[in-house]
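Take 26 as the starting number for the sequence shown in the numbering used here and just add one per residue. A virtual CB, placed ideally from N, CA and C, is assigned to each residue, including glycine. Let me begin by presenting the structure, written as structure tokens, before commenting on it.
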Amino acid sequence: MEDKNIDFSDSPEIPPDVFIRCLVQKGLRTTRSQKSQLTLRIDEDVLKWFKSQGHGYQTRINALLKAYKEAHRPA
Numbered sequence: 026m027e028d029k030n031i032d033f034s035d036s037p038e039i040p041p042d043v044f045i046r047c048l049v050q051k052g053l054r055t056t057r058s059q060k061s062q063l064t065l066r067i068d069e070d071v072l073k074w075f076k077s078q079g080h081g082y083q084t085r086i087n088a089l090l091k092a093y094k095e096a097h098r099p100a
């Protein structure tokens with residue numbers, strides 16, 4: 026069975042606190058892609074939490090945003 030044939034209509038939503046633990050793993054390697062530098066306003070508590078996770082917090086934020094983009098791609 027291919028992923029596109031799976032019916033997720035009865036699957037519960039994954040709360041953000043569970044989602045972040047599933048997505049972010051120590052040693053996660055991203056593909057080399059062109060990066061853009063920008064200024065982004067993030068709530069202080071959110072940034073503080075990501076920074077408390079240690080080195081690579083910007084990479085983890087990027088991975089989370091990329092996963093969100095993929096999850097919301099038009100069918």
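Boundaries of the alpha helix (DSSP H) around residue 70: 69 to 77. Counted as a single uninterrupted DSSP element, the alpha helix (DSSP H) harbouring residue 85 occupies residues 82 to 96.
A direct Cα-to-Cα measurement between residue 87 and residue 26 gives close to 30 Å. In this structure residue 66 is exposed. Its beta-carbon is surrounded by fewer than 16 other beta-carbon atoms within 10 angstroms. Assigned with DSSP and collapsed to three states, residue 32 falls in coil, not helix or strand. Comparing alpha carbon positions, the residue from 70, 83 and 31 closest to residue 60 is 83.
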